[in-house]
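Engineer:
2 protein chains.
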Amino acid sequence: MNRKAAPKRSAAKQRRLSPDDRRKEFVAKATEFFAEEGFGGATRDLARRLGVTQPLLYRYFPSKDDLIKEVYRTVYLEPFDTAWDKLLTDRSRPLRARLCEFYGAYTNVIFTRKWLRIYFYSGLKGLDINRWYVGMVGEKILTRIVRECRHQAGLPPQSRPSAPELEMAWVFHSGIFYYGVRKYIYESPVLEDKEQMIGNAVDAFLAGFEQVFAGSAADGAQRAPVKVMG
Amino acid sequence: MNRKAAPKRSAAKQRRLSPDDRRKEFVAKATEFFAEEGFGGATRDLARRLGVTQPLLYRYFPSKDDLIKEVYRTVYLEPFDTAWDKLLTDRSRPLRARLCEFYGAYTNVIFTRKWLRIYFYSGLKGLDINRWYVGMVGEKILTRIVRECRHQAGLPPQSRPSAPELEMAWVFHSGIFYYGVRKYIYESPVLEDKEQMIGNAVDAFLAGFEQVFAGSAADGAQRAPVKVMG
DNA sequence: ATAGCTAGTGATCAAGCGATAAACAACAGC
DNA sequence: GCTGTTGTTTATCGCTTGATCACTAGCTAT
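What follows is the structure, encoded as structure tokens:
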């Protein structure tokens with residue numbers, strides 16, 4: 229029953245891919261297609277891009293919406309089998325290095341035109357999967373980052389970060405995230421050196437976190453009274 | 229024959245607005261409509277929402293695209309007659325206060341569901357007006373912020389900020405911006421106190437800027453060698 | 001080869017789209 | 001009142017959309 233990689237025959241006009249490969253090819257190209265055109269893109273245009281006729285899509289997917297759902301699934305779930313958790317919580321390494329490495333790896337995955345555009349299209353649609361993703365970032369990533377920051381700042385451990393702490397992590401995270409948006413969606417010029425951008429953002433975040441939540445102000449001249457309570 | 233609800237001169241059913249008011253009403257409601265539905269929204273649905281018939285739209289706008297262009301214009305240009313320039317560069321006040329006040333005012337304008345959604349829809353379309361806006365933020369806002377930061381840090385003045393400086397300002401700005409995205413597009417829970425979020429972001433930015441570009445590290449334990457050159 | 005299954009195609013449908021033109025209704029000036 | 005002008009609707013056109021169905025072409029097992 230293994231039929232994959234069998235379609236030798238004519239080099240120019242080979243058709244009849246294995247059903248599974250065909251399906252994967254459809255989803256992959258549909259992802260690129262919808263990333264560019266938005267989900268309003270026509271199935272006929274997608275089919276043309278695939279080199280097949282439009283009704284064929286309906287042999288593999290019951291409806292356009294079902295195809296779109298599979299696109300979501302691959303885009304959102306595919307990249308997350310990595311071991312980022314352990315990376316962030318490995319206290320044998322300096323926190324700054326951990327954050328830099330984590331965001332280097334994280335942005336390597338999501339900083340693509342395809343990913344970012346699908347992300348925003350689905351976000352504007354108010355889709356559940358987008359909400360799920362945002363929630364996951366907060367719980368799986370930012371909550372841990374705050375915990376590590378508190379540890380480094382010598383603050384007592386908490387089961388959950390306070391709202392202002394989490395918000396500060398969000399602002400930090402979003403600042404980095406938006407670098408990709410500017411580069412791949414707005415196609416606006418950005419600092420070429422991504423690692424430097426991350427390094428500086430991490431420095432600012434760590435310095436700011438300590439200053440705001442641990443009160444280790446060096447100057448004290450210009451700061452306003454810290455408003456920490458949540 | 230049957231036309232809905234007897235359009236005689238009943239008091240409740242006044243029509244015939246002044247042409248100019250009609251037009252403005254159309255653009256205003258179209259903005260809300262397209263903000264929700266995206267620019268793929270049907271003109272018939274928009275007309276229904278306006279309480280008029282669809283062909284009437286074409287008396288006021290030559291085409292759907294022309295209507296959309298007017299929507300862009302009002303959304304992008306309307307809010308910018310304020311005196312934010314002077315606010316940012318008024319060196320008689322502490323920089324922290326200026327930044328907090330500026331971002332308070334700025335976010336008061338753009339942190340609406342309507343504005344943010346139109347912004348992203350046009351951004352995904354790759355529209356010129358969106359590029360123009362991003363460029364304006366960089367030149368009119370962030371360039372000045374960097375200049376003020378350099379001044380406060382005791383660094384010599386420059387005609388234009390370096391790429392890393394500008395990038396750091398972008399990351400800062402984007403972090404604040406994304407607070408609105410999370411709140412009004414993702415409708416995700418955020419820190420209720422916007423002013424506090426801004427204050428903390430400003431603190432982190434100012435501390436980070438000095439640390440990275442002026443080298444005023446207080447601890448020196450965990451920092452990596454600063455990579456400043458652009 | 002050939003029978004049988006299935007990937008793939010051509011033709012087509014019903015609904016919805018943006019847009020147009022002609023008929024109608026409201027108002028202004030006389 | 002009447003009449004010309006203009007805002008508004010009814011009816012409709014041409015096109016595109018997602019989806020379906022009958023049919024053809026290609027592969028596998030016998």
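Protein chains in written order, with my numbering: chain A, 229 to 458; chain B, 229 to 458. Note that beta-carbon positions come from the ideal geometry of N, C-alpha and C, so glycine has one too.
Apart from the five residues on each side of it in sequence, which residues of its chain come closer than 6 Å, Cβ to Cβ, to A263 of chain A?
Structural biologist: Result list for A263 of chain A: K342, R345, I346, in chain order.
Engineer: Kindly say whether G448 of chain B, judged by its beta-carbon, lies nearer than 8 Å to any beta-carbon of chain A.
Structural biologist: Any answer about G448 of chain B is weak, because its pLDDT of 43 lies below 50 and its placement is not dependable; what the coordinates show is given next. It does not; no Cβ of chain A falls within 8 Å.
Engineer: 8 Å is my cut-off, CB to CB: does E367 of chain B come that close to chain A?
Structural biologist: Judged by the 8 Å Cβ criterion, E367 of chain B is not in contact with chain A.
Engineer: In the segment 334 to 356 of chain A, which residues sit with their C-beta less than 9 Å from some C-beta in chain B, listed in chain order?
Structural biologist: Flagged, chain order: R345, F348, Y349, G351, L352, K353, G354.
Engineer: Please go through the segment 344 to 402 of chain B and give each complete alpha helix (DSSP H) segment of 4 or more residues, from N-terminal end onward.
Structural biologist: Here the runs fully enclosed are 356 to 364, 371 to 380.
Engineer: Is it right to say R287 of chain B is buried, meaning 16 or more other beta carbons lie within 10 angstroms of its own, or is it exposed?
Structural biologist: Exposed.
Engineer: Going straight from the alpha carbon of V440 of chain B to that of Y412 of chain A, what length do you get?
Structural biologist: Straight-line Cα distance between these residues: approximately 26 Å.
Engineer: Measuring CB to CB, does Y414 of chain A end up less than 8 Å from V362 of chain B?
Structural biologist: Cβ distance < 8 Å, so Y414 of chain A and V362 of chain B count as in contact.
Engineer: If the cut is a Cβ gap below 8 Å, which residues of chain A does F406 of chain B touch?
Structural biologist: Reading off the sequence, residue 406 of chain B comes out as Tyr, not Phe. Here the neighbours are W398, V399, S402, G403, F405, Y406.
Engineer: Can you grab the Cα-Cα spacing for the pair Q424 of chain A / E376 of chain B, in whole Å?
Structural biologist: Answer to the nearest angstrom: the Cα atoms are 22 Å apart.
Engineer: Mind the definition here: the segment 394 to 404 of chain B touches the segment 390 to 402 of chain A only if three or more C-beta pairs lie below 8 Å; say whether that holds.
Structural biologist: Yes, since at least three Cβ pairs between the segment 394 to 404 of chain B and the segment 390 to 402 of chain A fall closer than 8 Å, the two stretches touch.
Engineer: Quick check on the burial criterion: 16 or more other C-beta atoms within 10 angstroms. Buried or exposed for G443 of chain A?
Structural biologist: G443 of chain A should be labelled exposed.
Engineer: Tell me the start and end of each unbroken alpha helix (DSSP H) in the segment 302 to 346 of chain A that is at least 4 residues and wholly inside, in chain order.
Structural biologist: With a minimum length of 4 residues, the continuous alpha helix (DSSP H) runs that stay inside the segment 302 to 346 of chain A are 312 to 317, 323 to 338.
Engineer: At what residues does the alpha helix (DSSP H) containing G427 of chain B begin and finish?
Structural biologist: Per DSSP, G427 of chain B belongs to the alpha helix (DSSP H) from 422 to 437.
Engineer: Quick one: grab the DSSP three-state call for V280 of chain A.
Structural biologist: DSSP places V280 of chain A in coil when its eight states are reduced to three.
Engineer: Is the number of C-beta pairs between the segment 272 to 290 of chain A and the segment 306 to 325 of chain A that are closer than 8 Å three or more?
Structural biologist: No: fewer than three Cβ pairs fall under 8 Å.
Engineer: So, with DSSP's three-state summary, where would you put L247 of chain A?
Structural biologist: In the sequence on display, residue 247 of chain A carries Pro and not Leu. DSSP places P247 of chain A in helix when its eight states are reduced to three.
Engineer: Could you compute how far the alpha carbon of G436 of chain A sits from the alpha carbon of F433 of chain B?
Structural biologist: The straight-line gap from Cα to Cα measures roughly 7 Å.
Engineer: From V539 of chain A to E253 of chain A, what does the alpha carbon distance come to, in whole angstroms?
Structural biologist: Because residue 539 of chain A is not part of the residues shown, which for chain A are 229 to 458, the question remains open.
Engineer: Helix, strand or coil: how does DSSP classify F267 of chain A here?
Structural biologist: Here F267 of chain A sits in coil by DSSP.
Engineer: With DSSP as the reference, label V418 of chain A as helix, strand or coil.
Structural biologist: Correct three-state label for V418 of chain A: coil.
Engineer: Would you mind stating whether T371 of chain B and P384 of chain B have Cβ atoms separated by less than 8 Å?
Structural biologist: No, they are not a contact pair.
Engineer: Hey, how far is the Cα of T281 of chain B from the Cα of F267 of chain B?
Structural biologist: About 19 Å.
Engineer: Please report the straight-line C-alpha distance between E306 of chain B and E438 of chain A, rounded to a whole angstrom.
Structural biologist: The straight-line gap from Cα to Cα measures roughly 39 Å.
Engineer: Could you run through the segment 417 to 428 of chain A and flag, in chain order, every residue whose CB is less than 7 Å away from some CB of chain B?
Structural biologist: Within the segment 417 to 428 of chain A, the qualifying residues are V418, L419, Q424, M425, G427, N428.
Engineer: Kindly say whether Q439 of chain B, judged by its beta-carbon, lies nearer than 8 Å to any beta-carbon of chain A.
Structural biologist: Q439 of chain B counts as touching chain A.
Engineer: When you compare each of A:D421, A:P392, A:L352 to N428 of chain B by their alpha carbons, which one comes out closest?
Structural biologist: Cα-wise, what sits closest to N428 of chain B is A:P392.
Engineer: Let me see if you follow: with CB-CB separation under 8 Å, is A270 of chain A close to chain B or not?
Structural biologist: No, A270 of chain A does not count as interfacial toward chain B.
Engineer: Cβ closer than 8 Å: which chain A residues qualify as neighbours of I413 of chain B?
Structural biologist: G351, L352, listed in chain order.
Engineer: With a 10 Å radius around its C-beta and 16 neighbouring C-beta atoms as the bar for buried, classify T259 of chain A as buried or exposed.
Structural biologist: So T259 of chain A ends up on the buried side.
Engineer: Give a yes or no on whether the C-beta atoms belonging to A310 of chain B and A333 of chain B are separated by under 8 Å.
Structural biologist: The question names Ala, but residue 310 of chain B in the sequence shown is Thr. Contact flag set, yes.
Engineer: Less than 8 Å separating the beta-carbons of N358 of chain A and G366 of chain A?
Structural biologist: Contact: no.
Engineer: Quick one: grab the DSSP three-state call for I413 of chain B.
Structural biologist: I413 of chain B: coil per DSSP, three-state reduction.
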